[in-house]
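Below is one structure; the comments refer to it alone.
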Amino acid sequence: MRPFDELITEAGQADVTGWGFGWLDGRATEERPPWRFVSLLSQHLGQADAALDLDTGGGEVLAEALGAAADRGDPTPATLVASEAWAPNAARARERLAPWGGRVVVPVDGALPVADASFVLVTARHPVAPAWSEIHRVLRPGGTYLAQHVGPGSAFELIEAFLGPQPEARTGRDPEDEAAQAHAAGLDVVELRTATCRMELHDVGAVVWLLRKCVWWVPDFSVDRYRGVLEDLDARLRAGARDDGTTSTPFVARSTRHLVVARQAG
C-alpha cells in the first residue's frame with residue numbers, strides 16, 4: 001500500500017463533481033439493492049413523454065438509464081428536465097444530457113421552476129430532501145414518482161468514526177416517515193422496499209475522497225482537522241495489507257436504501 005501522505009494528497013486533489021464513483025474502482029466497493037434502480041428508471045423513461053429527474057448531480061444516472069432505453073429502441077421523453085442546485089454539477093449535467101435534449105433547471109428556495117402538472121414521471125436517485133408538495137404539484141394526475149432514497153443510519157460506521165455517536169441523526173430518513181409525508185402531500189405510495197448493503201473501503205484515500213464528495217456526512221471535514229482519525233484508519237487498514245495493495249481487513253460500513261414508487265392521486 002502506498003504511503004499515507006501520497007494517498008491523502010491524491011484523494012484531496014481528485015475531482016468530486018457529479019455523482020459518478022468511478023474514482024473508487026479498486027479502492028472501495030458497495031453492494032447494490034436488489035431492485036436494480038437504473039434498470040427500473042430506464043423502463044419508466046422509455047414509456048414517459050415528459051420526465052423530470054430531481055437532484056440529478058452531473059446527470060450520470062439519468063444518462064445511463066436513457067442510454068439503456070435507447071439501446072432497447074425506446075423513445076426518449078419528448079420533454080426531459082433535470083434539477084440540480086450545485087452549479088458545477090448543473091453545468092456537467094447540461095453537457096451530459098444534451099444528446100437527449102435534456103434541460104437542467106435550478107431550484108429557487110426549494111421550488112422547481114416548472115409549471116404545474118408538467119410531468120408524467122418524476123424520478124430521483126438519492127434526493128437530498130424530497131420536496132413532496134413540489135413533487136405532487138409538478139406531476140400530472142395519475143403520474144408516477146420513482147426514486148431510490150438513502151435510508152436511516154446509512155454509512156454511519158464511517159461518519160461516527162469522525163464525529164462520535166450520532167443517535168438522533170441515525171433515526172432520520174426513515175422510509176415509513178417519508179411514506180407518510182408523501183401521503184400527506186397527496187401522493188399514494190404503491191411500493192416501498194428497503195435494503196441494507198455492505199460497503200468496504202480499502203485505503204485511506206477512499207475515505208478522504210468520499211468525505212469530500214458527500215460533504216453532509218462530516219460537514220467540517222478536512223484532512224488537517226481530522227488527520228489523527230485518518231492516521232488511525234490508515235494503520236487499521238495497513239494491518240491487513242496484501243501484496244496487491246488490497247486489504248483483508250477493510251473498513252466496513254453499511255448503506256441503507258429504500259425504493260419509493262408513488263402516484264399522483266389527482
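Throughout the sequence shown, residue numbering follows full-length UniProt numbering, covering 1 to 266 in sequence. Glycine included, C-beta positions come from ideal geometry on N, C-alpha and C.
I believe residue i touches residue j by the beta-carbon criterion, under 8 Å. Please report the beta-carbon distance rounded to the nearest angstrom.
{"i": "residue 268", "j": "residue 74", "result": "Residue numbering for the chain in the displayed model covers 1 to 266; residue 268 lies beyond these limits and cannot be assessed."}
{"i": "residue 203", "j": "residue 40", "result": "Incorrect: roughly 33 Å between the Cβ atoms, too far for contact."}
{"i": "residue 125", "j": "residue 147", "result": "7 Å"}
{"i": "residue 17", "j": "residue 88", "result": "5 Å"}
For residue i versus residue j, is the C-beta spacing smaller than 8 Å?
{"i": "residue 294", "j": "residue 183", "result": "Since the first residue of the chain shown is 1 and the last is 266, residue 294 is not available in this structure."}
{"i": "residue 106", "j": "residue 50", "result": "no"}
{"i": "residue 97", "j": "residue 80", "result": "yes"}
{"i": "residue 67", "j": "residue 19", "result": "no"}
{"i": "residue 163", "j": "residue 28", "result": "no"}
{"i": "residue 104", "j": "residue 115", "result": "no"}
{"i": "residue 257", "j": "residue 199", "result": "no"}
{"i": "residue 158", "j": "residue 179", "result": "no"}
{"i": "residue 24", "j": "residue 217", "result": "no"}
{"i": "residue 11", "j": "residue 205", "result": "yes"}
Taking only the alpha-carbon atoms, compute the straight-line gap between residue i and residue j and give it to the nearest angstrom.
{"i": "residue 186", "j": "residue 236", "result": "49 Å"}
{"i": "residue 128", "j": "residue 151", "result": "11 Å"}
{"i": "residue 160", "j": "residue 195", "result": "21 Å"}
{"i": "residue 214", "j": "residue 117", "result": "32 Å"}
{"i": "residue 231", "j": "residue 262", "result": "45 Å"}
{"i": "residue 135", "j": "residue 122", "result": "7 Å"}
{"i": "residue 169", "j": "residue 101", "result": "39 Å"}
{"i": "residue 166", "j": "residue 173", "result": "14 Å"}
{"i": "residue 177", "j": "residue 82", "result": "26 Å"}
{"i": "residue 225", "j": "residue 70", "result": "47 Å"}
{"i": "residue 239", "j": "residue 233", "result": "10 Å"}
{"i": "residue 5", "j": "residue 156", "result": "25 Å"}
{"i": "residue 84", "j": "residue 78", "result": "20 Å"}
{"i": "residue 265", "j": "residue 3", "result": "57 Å"}
How is residue i classed by DSSP in three states: helix, strand or coil?
{"i": "residue 208", "result": "helix"}
{"i": "residue 99", "result": "helix"}
{"i": "residue 235", "result": "helix"}
{"i": "residue 268", "result": "Here the chain covers residues 1 to 266 and nothing more, so residue 268 does not appear."}
{"i": "residue 88", "result": "helix"}
{"i": "residue 163", "result": "helix"}
{"i": "residue 94", "result": "helix"}
{"i": "residue 230", "result": "helix"}
{"i": "residue 122", "result": "strand"}
{"i": "residue 257", "result": "strand"}
{"i": "residue 156", "result": "helix"}
{"i": "residue 225", "result": "coil"}
{"i": "residue 32", "result": "coil"}
{"i": "residue 24", "result": "helix"}
{"i": "residue 114", "result": "coil"}
Open item on the list: My parser needs the alpha helix (DSSP H) runs of 4 or more residues fully inside the region 34-84; what are they?
Closed with: 37-45 and 60-71
- [ ] Ignoring anything shorter than 4 residues or poking outside the region 168-217, list the alpha helix (DSSP H) runs there in chain order.
- [x] 175-184 and 204-213
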